[in-house]
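The listed protein sequences derive, respectively, from chains A and B. Under this note's numbering, read the first sequence as residues 181 to 342, first letter to last. Under this note's numbering, read the second sequence as residues 181 to 342, first letter to last.
Number of protein chains: 2
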Amino acid sequence: METTWAHELRSAGLRVTRPRLSVLSVLAERPHADADSIVTGARDLHPSLSPQAVYGVLKALVAGGIARRIEPAGAPALFELRVGDNHHHLVCRSCGAVADVDCAVGAAPCLVPSDTAGYVVDEAEVVFWGLCRDCQFQDGQLEAPAESVQIHEHEIRGGAIA
Amino acid sequence: METTWAHELRSAGLRVTRPRLSVLSVLAERPHADADSIVTGARDLHPSLSPQAVYGVLKALVAGGIARRIEPAGAPALFELRVGDNHHHLVCRSCGAVADVDCAVGAAPCLVPSDTAGYVVDEAEVVFWGLCRDCQFQDGQLEAPAESVQIHEHEIRGGAIA
DNA sequence: TCCTTGTCTTGACTCAGTCAAGACAAGGGG
DNA sequence: CCCCTTGTCTTGACTGAGTCAAGACAAGGA
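So this is what it looks like as structure tokens:
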């Protein structure tokens, strides 16, 4: 496993170091971790690891295409190892939990802007905001009656999403 | 015009004050302004305005549904007066310029996550990343050959967008 | 006009992230 | 196998965006 990471690092032109392997190990077991929890987690494997080292490692991983950085509004940046498929994210408004979503391939008319205003677009980033299952029951009586804990397509199609 | 804003403020339960009218005036002539340029701009009308006052005004406007806050990754928050239609944004990777995009209404299958992972989704936020017209010509020879300054649908459908 | 209450000013503070200088270690050349 | 180069990590100071709190002030109803 770590051999695989060493491989990935080398083929991205990066040296294999303990800080990098520690960060990769944390990201593998905890996708969508923020820099701070990566520091904490990676210290299990490398106790002297400094926050700045983690920022440096993460920048190198992102630049090398091994990790991806996501920045949900109002929260520190999160990092994940799943790259290259441009999947999207569900973010919980209450607790900040993040889940991956695959986008329907080949049928994404909404991702083609109706008017590009002269821009050359190379990426469409989608964030779905809502409440995760746990938060629906903790503070959710207000907006999440029991029958509609699962979203129905027409709620989005006809609703505020446009 | 300002009378209209006074009206909007009052119907949102907010008092009509000079700082608020100044901020609204800046937002009206410059959509997608960040807090700092709002401070600068609003000082034309109210020279003693403090940055903290602007943060307070913006928070009140957003809470009252008069303004909307958007936070493109890696940039300070931007504010706009266009609310209630959940439109999306084109952001220039090079200069940060932002343009509005309407989303095709009623035909947005990509905005329905294939798997909601138990989340109740109430909003889908879409950001299109690319190069604006000006930046295509300034630093654009690398990725923006003259014939493809306008996006073609298949580039997105079959490409990295998923 | 007065009074209440929401708003603004001032200033200290937090948090995420960056920058720079020097110590250190990965890994290719001898 | 060891040394040397060069990329990486450590330490510590710093920036920029935004928040918090206390008191001064002003909007607008009685």
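Heads up, the beta-carbon is just placed ideally off N, CA and C, and yes, glycines get one too. Only a predicted model underlies this, so the values are computations on that prediction, with no experimental measurement involved.
Straight-line gap, residue i to residue j (C-alpha atoms, nearest Å)
| i | j | result |
| --- | --- | --- |
| B/Ile218 | B/Glu303 | 27 Å |
| B/Ile246 | A/Val237 | 42 Å |
| B/His268 | B/Leu204 | 21 Å |
| A/Asp224 | A/Glu260 | 19 Å |
| A/Thr184 | A/Ser191 | 11 Å |
| A/Gly264 | A/Val242 | 12 Å |
| B/Asp295 | B/Tyr235 | 37 Å |
| B/Ala215 | B/Arg262 | 17 Å |
| A/Val300 | A/Asp282 | 24 Å |
Classification of residue i by the beta-carbon crowding that lies within 10 angstroms, buried from 16 upward
| i | result |
| --- | --- |
| B/Arg200 | buried |
| B/Gly254 | exposed |
| A/Gln318 | exposed |
| B/Gly193 | exposed |
| B/Pro227 | exposed |
| B/Ala222 | buried |
| A/Glu305 | buried |
Residue from the options whose Cα sits closest to the Cα of residue i
| i | options | result |
| --- | --- | --- |
| B/Arg297 | A/Leu311, A/Ala233 and A/Thr197 | Here residue 297 of chain B turns out to be Ala, not Arg, going by the sequence shown. Among A/Leu311, A/Ala233 and A/Thr197, the Cα nearest to that of B/Ala297 belongs to A/Leu311. |
| A/Pro256 | A/Ala192, A/Leu229 and A/Ala213 | A/Ala213 |
| A/Asp280 | A/Tyr299, A/Val307, A/Ser274 and A/Thr197 | A/Val307 |
| B/Ser230 | B/Arg248, B/Arg262, B/Ile250 and B/Ser202 | B/Ser202 |
| A/Cys315 | A/Val301, A/Cys275, A/Arg262 and A/Tyr299 | A/Cys275 |
| A/Ala240 | A/Thr197, A/Glu209, A/Pro227 and A/Gly264 | A/Thr197 |
| B/Gly244 | B/Trp309, B/Ala186 and B/Glu251 | B/Ala186 |
Secondary structure of residue i, DSSP reduced to three states
| i | result |
| --- | --- |
| B/Asp282 | coil |
| B/Asp224 | coil |
| B/Val355 | Look at the range of chain B in this structure, 181 to 342, and you will see that residue 355 of chain B is not part of it. |
| A/Arg273 | coil |
| A/Arg190 | helix |
| B/Asp214 | strand |
Scan the segment 293 to 317 of chain B for residues whose Cβ lies nearer than 8 Å to a Cβ of chain A and list them as they occur along the chain.
Here the close residues are Pro293, Ser294, Asp295, Thr296, Ala297, Gly298, Tyr299, Val300, Val301, Asp302, Glu303, Ala304, Glu305, Val306, Val307, Phe308, Trp309, Gly310, Leu311, Cys312, Arg313 and Gln316.
Name, going along the chain, the residues of the segment 241 to 255 of chain A whose beta-carbon falls closer than 9 Å to a beta-carbon of chain B.
Arg249, Ile250, Glu251, Pro252, Ala253 and Gly254
Of the residues that make up the segment 263 to 283 of chain A, which ones have a beta carbon closer than 9 Å to any beta carbon in chain B?
Gly264, Asp265, Asn266, His267, His268, Leu270, Val271, Cys272, Arg273, Ala277, Ala279, Asp280, Val281, Asp282 and Cys283
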